[in-house]
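In structure tokens, the structure reads:
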């Protein structure tokens, strides 16, 4: 029986499909593939084990007054008049963490830490008397209410304008975070938080 036109038994090994390679070759390829997948998955951040703000390297980006409310009192009479100036205003403070690291965060990561504050002398410190629950990947917003009353005396045939304002500051505070990946490996992240903070009434 003939072998068929154009068929050369000596070239059989050259015609063998790539998927018929030796078991050892497939084993090595599978092993390399598994190592690659393990490396890729291990860049996923699972938790923050320790978190420290670094206020000594903090920068004040901006500081500006922000008017809460104002009121003008006019006294057209010949008697001295007294009024009550009231203020009630809700102000939103925010903070977000930079994500320049190489780790992936697939779920919401929260942790507890102190609160960066701007001191009267213009320095930045961390208030550790109370802790905040921070979200590592989302913008952290907190509402603060300013309220109060003040007596206002207006002389006859005169007017007075009363205002209440606060100082808003934006700061950039570096931080050091010890993180753990989903495979249990530990690493360190050095990044910063940009925080908009309301200071004492101006």
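Residue numbers (the working numbering): 1224 to 1425. Beta carbons are placed, not taken as given, at the ideal position from N, Cα and C, and that holds for glycine.
What are the residues that DSSP puts in a beta bridge with residue i?
{"i": "residue 1395", "result": "1282, 1417"}
{"i": "residue 1349", "result": "1339"}
{"i": "residue 1301", "result": "Per DSSP, none; premise fails for residue 1301."}
{"i": "residue 1288", "result": "1390"}
{"i": "residue 1369", "result": "1312"}
{"i": "residue 1354", "result": "Note: residue 1354 sits in no beta bridge, so no partner."}
Helix, strand or coil: which one does DSSP assign to residue i?
{"i": "residue 1317", "result": "strand"}
{"i": "residue 1244", "result": "Because the pLDDT of residue 1244 is 48, which lies under 50, any placement of that residue in the model is unreliable, and the number read from its coordinates should be weighed accordingly. Three-state DSSP puts residue 1244 in coil, outside helix and strand."}
{"i": "residue 1333", "result": "strand"}
{"i": "residue 1374", "result": "strand"}
{"i": "residue 1294", "result": "strand"}
{"i": "residue 1327", "result": "strand"}
{"i": "residue 1344", "result": "coil"}
{"i": "residue 1360", "result": "coil"}
{"i": "residue 1275", "result": "strand"}
{"i": "residue 1308", "result": "strand"}
{"i": "residue 1385", "result": "strand"}
{"i": "residue 1266", "result": "coil"}
{"i": "residue 1405", "result": "coil"}
Taking the alpha carbon of residue i as the point to measure from, which residue in the options has its own alpha carbon closest?
{"i": "residue 1416", "options": "1266, 1284, 1270", "result": "1284"}
{"i": "residue 1265", "options": "1384, 1332, 1408", "result": "1408"}
{"i": "residue 1318", "options": "1406, 1397, 1324", "result": "1397"}
{"i": "residue 1361", "options": "1374, 1329, 1298", "result": "1329"}
{"i": "residue 1376", "options": "1307, 1422, 1365", "result": "1307"}
Examine chain B for any beta-carbon lying closer than 8 angstroms to the beta-carbon of residue i, and answer yes or no.
{"i": "residue 1284", "result": "Among the chains in the structure shown there is no chain B, since it carries only a single protein chain."}
Between the segment 1288-1297 and the segment 1343-1354, are three or more C-beta pairs nearer than 8 angstroms? no
Evaluate the contact criterion for the segment 1377-1389 versus the segment 1292-1301: three or more CB pairs, one atom per stretch, below 8 angstroms. yes
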